[in-house]
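Q: Residue numbers (numbering that gives the first Met the number 0), protein chains in the order written: chain V, 0 to 284; chain Y, 0 to 284; chain R, 0 to 284; chain W, 0 to 284; chain E, 0 to 284; chain F, 0 to 284.
Don't be surprised by glycine CBs; every beta carbon is placed ideally from N, CA and C.
All values reported here derive from a predicted model rather than from experimental measurement.
Protein chains: 6
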Amino acid sequence: MDLHDHALRAQTLTEALPYIQKYAGKIILIKYGGNAMTDENLKKLVMGDIVLLTMIGVKVVVVHGGGPEISDMLKKTGKKSEFKNGLRVTDPETMDIVQMVLAGKVNKDLVNLVELSGGRAIGISGVDGHMIRAAQLDPDLGAVGEIEDVDVKPITDLLDMGYIPIISTVGCDKAGNLYNINADTAAARIAGKLGAESMLTMTDIEGLLRDRNDPDTLIRRMSVSDVPELVAEGVISGGMIPKIQCCVEAIRRGVRKVFIIDGRVPHSILMELLTNAGLGTMFTA
Amino acid sequence: MDLHDHALRAQTLTEALPYIQKYAGKIILIKYGGNAMTDENLKKLVMGDIVLLTMIGVKVVVVHGGGPEISDMLKKTGKKSEFKNGLRVTDPETMDIVQMVLAGKVNKDLVNLVELSGGRAIGISGVDGHMIRAAQLDPDLGAVGEIEDVDVKPITDLLDMGYIPIISTVGCDKAGNLYNINADTAAARIAGKLGAESMLTMTDIEGLLRDRNDPDTLIRRMSVSDVPELVAEGVISGGMIPKIQCCVEAIRRGVRKVFIIDGRVPHSILMELLTNAGLGTMFTA
Amino acid sequence: MDLHDHALRAQTLTEALPYIQKYAGKIILIKYGGNAMTDENLKKLVMGDIVLLTMIGVKVVVVHGGGPEISDMLKKTGKKSEFKNGLRVTDPETMDIVQMVLAGKVNKDLVNLVELSGGRAIGISGVDGHMIRAAQLDPDLGAVGEIEDVDVKPITDLLDMGYIPIISTVGCDKAGNLYNINADTAAARIAGKLGAESMLTMTDIEGLLRDRNDPDTLIRRMSVSDVPELVAEGVISGGMIPKIQCCVEAIRRGVRKVFIIDGRVPHSILMELLTNAGLGTMFTA
Amino acid sequence: MDLHDHALRAQTLTEALPYIQKYAGKIILIKYGGNAMTDENLKKLVMGDIVLLTMIGVKVVVVHGGGPEISDMLKKTGKKSEFKNGLRVTDPETMDIVQMVLAGKVNKDLVNLVELSGGRAIGISGVDGHMIRAAQLDPDLGAVGEIEDVDVKPITDLLDMGYIPIISTVGCDKAGNLYNINADTAAARIAGKLGAESMLTMTDIEGLLRDRNDPDTLIRRMSVSDVPELVAEGVISGGMIPKIQCCVEAIRRGVRKVFIIDGRVPHSILMELLTNAGLGTMFTA
Amino acid sequence: MDLHDHALRAQTLTEALPYIQKYAGKIILIKYGGNAMTDENLKKLVMGDIVLLTMIGVKVVVVHGGGPEISDMLKKTGKKSEFKNGLRVTDPETMDIVQMVLAGKVNKDLVNLVELSGGRAIGISGVDGHMIRAAQLDPDLGAVGEIEDVDVKPITDLLDMGYIPIISTVGCDKAGNLYNINADTAAARIAGKLGAESMLTMTDIEGLLRDRNDPDTLIRRMSVSDVPELVAEGVISGGMIPKIQCCVEAIRRGVRKVFIIDGRVPHSILMELLTNAGLGTMFTA
Amino acid sequence: MDLHDHALRAQTLTEALPYIQKYAGKIILIKYGGNAMTDENLKKLVMGDIVLLTMIGVKVVVVHGGGPEISDMLKKTGKKSEFKNGLRVTDPETMDIVQMVLAGKVNKDLVNLVELSGGRAIGISGVDGHMIRAAQLDPDLGAVGEIEDVDVKPITDLLDMGYIPIISTVGCDKAGNLYNINADTAAARIAGKLGAESMLTMTDIEGLLRDRNDPDTLIRRMSVSDVPELVAEGVISGGMIPKIQCCVEAIRRGVRKVFIIDGRVPHSILMELLTNAGLGTMFTA
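(1) Closest Cβ-Cβ distance between R132(Y) and chain V: below 8 Å?
(2) Return no unless some Cβ of chain W is closer than 8 Å to the Cβ of N111(R).
(3) Check whether the segment 250-263 of chain V touches the segment 199-216 of chain V, counting contact only when three or more Cβ pairs, one atom from each stretch, lie closer than 8 Å.
(4) Mapping the DSSP letters down to three states, classify M99(W) as helix, strand or coil.
(5) Identify which residue in L193(R), A142(R), D159(R), I166(R) has its Cα closest to the Cα of D172(R).
(6) With burial defined as no fewer than 16 other Cβ atoms inside 10 Å of the residue's Cβ, what is the status of F82(E): buried or exposed?
(7) By how many angstroms is the C-alpha of S236(Y) removed from the C-alpha of D48(Y)?
(8) Nearest chain V C-beta to V126(Y) closer than 8 Å, yes or no?
(9) Just reading off the alpha helix (DSSP H) that T280(R) is part of, what are its end residues?
(10) Less than 8 Å between the CB atoms is what I'm expecting for K25(W) and K58(W), so what's the real figure, rounded?
(11) If you reduce the DSSP assignment to three classes, tell me which class K74(E) lands in.
(12) Which one or two residues does DSSP pair with E92(E) in a beta bridge?
(13) Using three-state DSSP, classify N84(Y) as helix, strand or coil.
(14) Should K43(E) go down as buried or exposed, given a rule of 16 or more other Cβ atoms within 10 Å for buried?
(15) Could you tell me which uninterrupted beta strand (DSSP E) segments, each at least 3 residues in length, are contained entirely in the segment 173-213 of chain E, listed from first to last along the chain?
(16) So which residues on chain F does G122(E) lean against when the C-beta distance must stay under 9 Å?
(17) When you compare only the Cα positions, how much space is there between R188(Y) and I131(Y)?
(18) Need the endpoints of the beta strand (DSSP E) that S267(W) sits in, please.
(19) By alpha-carbon positions, which one of G253(Y), K74(Y), M36(Y), V105(Y) ends up nearest to I121(Y)?
(20) Could you say which of L278(F), M94(F), N179(F), A102(F) lies nearest to I146(F) if we only look at CA atoms?
(21) When Cβ atoms are compared, which residues of the segment 1-20 of chain R fall closer than 8 Å to chain Y?
(22) When you compare only the Cα positions, how much space is there between N176(Y) and A6(Y)?
(23) Please list, in chain order, all residues of the same chain as V88(V) whose beta carbon is under 6 Å from its beta carbon, the five residues on each side excluded.
(24) Can you give, in chain order, each stretch of the beta strand (DSSP E) that sits fully within the segment 33-65 of chain W and has at least 3 residues?
(25) Helix, strand or coil: how does DSSP classify A120(R) here?
Encoded structure:
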């Protein structure tokens with residue numbers, strides 16, 4: 000072992016231990032989607048990192064999306080998707096597919112991977128324990144829902160019992176009607192209600208860049224109060240706007256720190272949480 | 000209130016209270032399938048009865064099937080089913096459909112109904128917590144599995160937290176391959192491992208009849224040691240044989256009492272468990 | 000089992016289970032006296048019903064009277080009773096007899112019957128734990144007492160330990176002087192202090208009848224605020240007035256519901272508490 | 000304070016503290032009867048000493064007799080007592096009187112005195128919790144009973160709740176028949192079943208004297224194995240024989256130390272238990 | 000045993016038991032110093048009395064001085080002591096000696112004696128758990144410190160674990176510099192922070208005497224509000240003034256009772272705490 | 000951050016987390032001495048590493064030596080040391096110095112450093128709780144002791160309360176005589192009795208080298224059964240023999256793993272325990 004390596008390892012450890020102490024017993028919500036979810040190798044690494052975090056006492060909650068898998072399945076059943084304002088018109092047959100793909104397929108596959116990495120997971124949807132209470136967003140869109148309230152008791156119960164809750168974002172109303180819920184929004188609401196220490200959103204970008212062509216312009220840390228200005232300046236634009244809005248929402252609802260990290264980098268979760276070498280962008284109040 | 004009614008109510012109560020005391024805190028597994036599951040009205044009544052049982056401290060576990068719904072979905076995707084020895088040849092695409100229909104659709108719909116009746120339910124599959132450990136039954140049948148072991152910790156954890164666990168019988172092996180598992184067999188194994196007080200199998204018959212054309216020949220109570228003789232006599236025959244074998248298996252694995260009850264009769268669960276007017280057939284050791 | 004019976008039983012059960020859930024862990028005080036206490040058969044049925052209630056988690060407290068037995072014993076010792084304004088003049092010798100009959104005889108006989116029905120009972124008086132603190136009502140009446148305060152700790156301790164407390168209403172003052180206390184008054188005070196869910200007063204009438212000659216005029220439910228009007232109308236009169244005053248007092252001190260039920264009807268306690276077929280009159284705030 | 004007094008006080012304290020530590024949390028049963036129970040002043044002192052003992056964590060149980068009071072009451076009702084072999088023939092009417100006097104009068108008066116001294120007491124009989132299970136000794140004697148078994152759960156429950164249990168020795172059989180039980184025998188059986196550290200029998204003598212006319216011949220400590228010899232020598236004779244037999248029985252059933260102390264000496268309980276100046280006779284295994 | 004002795008012992012016990020009840024579970028701090036600490040025989044008796052107190056549930060904390068031993072050791076190392084205003088100028092070398100003698104020698108010798116008497120002790124200094132937070136009093140005096148704050152958690156932790164904490168009064172500041180702290184002041188501050196029931200200061204005088212030549216003028220009990228007057232009158236003077244100021248300080252900080260007792264009298268602690276024959280002077284608010 | 004560094008950090012973390020999980024809640028004893036204790040900078044780093052370990056739930060116990068400091072102090076008091084067979088003849092005056100230096104100076108200085116690093120420490124000696132029971136080794140050597148028994152209750156009590164116990168190895172016998180105990184031997188005995196997961200001995204060498212001039216011949220891992228052969232070969236020789244004997248003793252008494260690590264290397268404790276880059280020699284059974 001050369002001297003540089005020894006020093007770097009010692010530094011990594013002395014850095015990590017206080018973080019570990021700080022996070023032990025705390026809740027961290029990981030919003031999981033994008034490439035990190037479609038590349039099978041990254042998927043295994045991510046689930047492995049999550050299991051490592053639970054080993055040191057972190058309470059990890061995973062909220063996942065699944066748009067591409069839904070589209071695949073709809074294609075197989077010969078169902079054509081119609082979109083309005085970027086939202087899929089969700090008739091009853093489509094909702095059945097959404098429910099089956101998210102709660103029956105994507106969810107259980109993630110549970111399976113966590114278990115294969117040595118962790119213990121239970122996958123639930125917003126229907127279980129009527130956890131995600133939703134309402135119809137717009138009659139023209141069918142079963143597209145917006146969240147009215149979140150009851151996190153089923154999640155905290157699973158955490159207390161030592162499980163990693165893996166959550167698919169199907170919601171329902173008092174009459175039992177089911178709705179398709181946007182996963183970023185659900186993640187922010189759940190993290191807030193859980194009083195999570197941190198929420199990590201895994202995406203396909205390095206983080207927030209002042210100049211999107213120059214990785215060296217990564218904004219490592221910012222207050223959510225600076226968001227409007229960055230939107231005005233065009234630094235935050237297009238598809239990033241709703242994603243960042245969810246980060247703002249999470250902070251507003253009580254999450255201490257929200258991170259956008261690059262899901263394409265191996266072990267990005269560990270590097271972000273346990274070293275000073277933060278990879279992405281951190282939002283605070 | 001006339002005198003007969005008064006006496007009958009008093010009798011019902013004085014009968015029920017000791018049963019209630021006896022069942023309070025005990026585990027009862029309900030194997031749910033058949034007409035009681037396809038008739039929407041009966042489905043609501045059954046879920047309602049289950050919620051009533053939990054109100055008096057019974058720990059109810061539900062294991063459900065879903066054959067007809069799987070066939071429907073396969074038809075929608077244009078997939079043709081092939082059968083060998085009465086078992087569906089389950090190629091990877093079919094297994095995906097099985098998983099999605101059972102864990103994503105049937106399971107969540109039952110959870111939804113329990114919640115609408117005022118109960119608290121969480122739906123899980125044999126993949127969650129790698130609860131049902133299975134192996135391939137026959138390479139020619141693809142993903143048809145047989146149970147190697149059952150880890151009931153996720154179920155008892157959910158019971159301890161006050162939830163009604165609703166279980167779909169998808170299993171997996173150590174490598175993470177998924178299998179379709181027969182629900183009657185899974186119910187017997189789970190009930191045994193839970194040390195359940197009773198298992199109730201809801202079917203479309205009155206119970207075991209000596210003469211299947213004469214409801215008055217209902218066998219109200221029998222020992223599992225009498226099963227071989229009844230098979231020999233032809234009283235148990237055809238599709239009843241594997242069902243009864245599961246009852247025998249459950250008793251052999253430690254369940255105190257197993258009932259075959261008529262799922263078509265409203266409130267048959269309550270009548271069977273809490274009155275002397277048992278409706279179906281009870282098996283004991 | 001005919002269809003009517005099946006439906007009635009199912010109804011009795013679906014009605015009873017939520018009541019059972021509601022009463023489980025709650026305190027119900029039964030003021031026991033009158034014919035239900037002198038007819039040996041009814042006495043056994045009542046004690047049996049009380050034991051059944053405890054089986055489903057109800058915490059039952061019994062407060063009993065004993066006027067006729069006291070008169071019997073006084074007669075045996077050749078002691079003549081003198082009355083003023085309907086109250087027995089209680090000289091020291093008489094008080095000794097009262098104490099012995101209530102705490103030594105009636106109380107222990109009830110304890111004995113509960114134990115014979117499979118319950119667990121401990122009989123105490125207001126002297127035990129100096130539970131009923133009393134004062135002399137009138138020097139001319141001797142040891143006739145009125146309640147100053149009730150310390151229900153001995154009762155709740157016995158309930159916590161799983162016993163049915165059977166209470167005889169002998170009270171005492173700070174100097175240790177003993178007093179004979181009216182059992183209806185004591186029951187109301189104790190029920191109030193216990194925060195009992197319900198108090199049931201067992202009497203020899205059907206309940207409160209608008210026309211005392213017509214059982215069909217039974218008042219099933221009324222607010223205590225309507226009592227003065229009914230007294231004015233003469234519906235409540237004579238010996239019923241103090242009894243009803245105790246019901247009012249119990250409600251005023253925090254008991255949720257007070258019932259006057261017909262102790263002559265078998266299982267009237269169960270019918271009143273666990274079915275919709277209420278037999279007597281219920282008072283609420 | 001003179002020097003002798005200072006030294007004696009210091010000695011009393013340094014002696015007492017280890018005893019106090021030794022007895023704290025231990026059970027001591029006091030068999031209470033004789034003059035110490037009929038002299039009102041001594042009665043108050045004894046109850047006061049018992050309360051002091053509970054202050055330092057001793058768990059005191061009192062078993063009392065009441066022969067003279069029973070005789071008084073029988074006389075009042077004009078009932079004549081017949082004796083066979085020194086035992087009172089107990090017909091149903093007599094048994095009623097026994098039950099009333101012991102459980103209703105003597106018992107409650109002791110409870111009253113403990114409460115007046117600042118302690119907390121609950122008085123129970125062998126009927127409560129069906130604690131003393133008895134059988135008829137001899138049909139000719141009526142309701143004279145012998146103990147079959149003792150269930151001390153009601154006593155330990157009361158101790159756990161912080162009460163001093165005061166026990167009258169009325170027993171009952173499975174059919175609910177009541178019996179009069181000898182208090183010395185009951186004390187020995189109860190002390191044994193409780194695993195009491197000590198049993199103190201309060202009598203009207205200084206203890207066991209070698210020469211009953213010479214107090215200086217007090218036997219301070221002896222093994223129960225020496226009893227037969229002392230009976231043979233006539234040192235133990237007459238009414239002392241059954242009393243000493245109960246001491247032997249208590250030791251045989253597991254009580255660590257049994258004392259016969261002089262109930263006529265003020266504070267004899269404290270002096271016996273907490274000083275080296277033991278007053279009476281101590282029996283050990 | 001003669002009658003006077005019997006009565007005196009009975010009185011001692013009936014007096015002591017309520018005190019014992021009162022002190023059980025309470026904290027008593029003993030400031031230990033003077034002759035009672037230099038006479039080896041008295042030292043053993045004091046440690047023995049402390050162990051006796053713990054036997055009856057008193058939580059004893061000992062704070063000790065050690066001036067003479069420090070002077071001895073300084074002499075051995077040839078170090079000369081310089082004094083300013085009666086305070087020893089404490090250079091680094093002297094501080095080393097102070098630390099070693101108090102925490103390494105005097106402290107461990109007391110621990111040793113408690114253990115030899117059958118108690119369990121752990122000796123700590125103000126450095127352990129950085130319990131005594133101090134600051135330099137005067138640069139000219141070197142390491143003489145005054146207390147800024149006391150963190151009694153280490154003491155209460157040791158008490159909770161059943162140890163007698165023996166404390167030497169070395170303090171430290173945030174930078175880790177050590178200071179010599181006056182033991183009387185430390186005792187008062189610690190007793191106050193502990194919410195001690197009592198503080199006993201063991202000295203070489205009978206207590207506070209109105210006329211210091213007449214032991215009969217002992218002031219048995221006084222309010223701290225009377226101290227200024229007694230100082231003005233000269234009753235409190237010289238070296239007694241700072242000692243009494245510490246008593247006042249302890250009362251002001253919440254100690255219920257403070258005693259100055261004569262450490263030269265054997266068992267003075269027991270006599271003061273457990274009898275009415277108080278030996279010294281008691282201060283109250 | 001370059002790619003090599005990113006990979007090395009990720010590797011360090013994924014390596015460390017399972018170790019952290021493995022050590023969390025386990026006891027690790029650190030035998031602290033040699034250069035790592037005399038170099039002030041290393042001393043701070045070591046205490047810092049110990050505090051970091053406690054942050055992740057490791058229960059650290061420190062046993063320290065102090066030979067050089069004892070020699071210094073003896074010199075100051077003009078006391079000459081005599082040695083027999085390499086052991087210091089310890090007369091009473093010398094023993095006083097040993098006790099004061101170890102328990103009063105070295106011990107409290109280490110406690111001080113732990114507290115300054117943010118940890119919580121309490122320093123005790125073998126006299127506290129009479130933890131190290133010793134006997135005289137040889138009358139000619141005076142107060143040199145050998146261990147008879149170790150009572151680790153005070154250590155586990157301090158660990159349970161969240162403190163780092165810092166232990167100086169002064170022992171005592173039943174009569175209260177004090178003895179100087181070899182710190183390596185004491186560490187091995189204490190680690191064994193604690194059932195420690197690991198013992199780390201900090202020395203001034205790289206570990207066990209096959210060729211002591213070639214660091215590349217470091218023996219990374221060996222069984223204690225190979226020790227005799229290595230002694231025979233001369234690989235273990237001179238002052239290393241007793242040190243290694245203590246490692247063998249610790250393993251024999253139940254410690255899982257014993258390490259000899261180089262106290263001169265910064266963070267050697269963390270590198271040894273939490274990475275695969277073990278620095279010293281590990282002994283196992």
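A: Reading it off the structure:
(1) With respect to chain V, the C-beta atom of R132(Y) has no partner C-beta closer than 8 Å.
(2) The beta carbon of N111(R) falls within 8 Å of a beta carbon belonging to chain W, placing the residue at that interface.
(3) At 8 Å Cβ cutoff, the stretches touch.
(4) If DSSP states are grouped into helix, strand and coil, M99(W) belongs with the helices.
(5) Ranking the options by Cα distance to D172(R), first place goes to A142(R).
(6) Looking at its Cβ environment, which holds fewer than 16 other Cβ atoms inside 10 Å, F82(E) is exposed.
(7) Between D48(Y) and S236(Y), the C-alpha separation is close to 31 Å.
(8) With its beta carbon less than 8 Å from one in chain V, V126(Y) belongs to the interface.
(9) Per DSSP, T280(R) belongs to no alpha helix (DSSP H); it is in the beta strand (DSSP E), 280-283.
(10) The Cβ separation is near 7 Å, so the contact holds.
(11) Here K74(E) sits in helix by DSSP.
(12) None; E92(E) has no bridge partner.
(13) Collapsing the DSSP output to three states places N84(Y) in coil.
(14) The residue in question, K43(E), is exposed, as its Cβ has fewer than 16 Cβ neighbours within 10 Å.
(15) The segment 173-213 of chain E contains these whole beta strand (DSSP E) runs: 177-179, 197-202.
(16) Those within 9 Å of G122(E) in chain F are A102, I123, S124, V126, D127.
(17) If you draw a straight line from the Cα of R188(Y) to the Cα of I131(Y), it comes to about 10 Å.
(18) Counting along the chain, S267(W) sits inside no beta strand (DSSP E); it lies in the alpha helix (DSSP H) bounded by residues 267-273.
(19) Comparing Cα positions, the closest option is V105(Y).
(20) Nearest of L278(F), M94(F), N179(F), A102(F) to I146(F), Cα basis: N179(F).
(21) Those residues of the segment 1-20 of chain R that come within reach of chain Y (Cβ to Cβ, closer than 8 Å) are D4, H5, L7, R8, A9, T11, L12, T13, A15, L16, P17, I19, Q20.
(22) One C-alpha to the other measures close to 58 Å.
(23) E81, L140, G141.
(24) Counting only runs of 3 or more, we get 58-63.
(25) The answer is strand: DSSP assigns A120(R) an E or B state.
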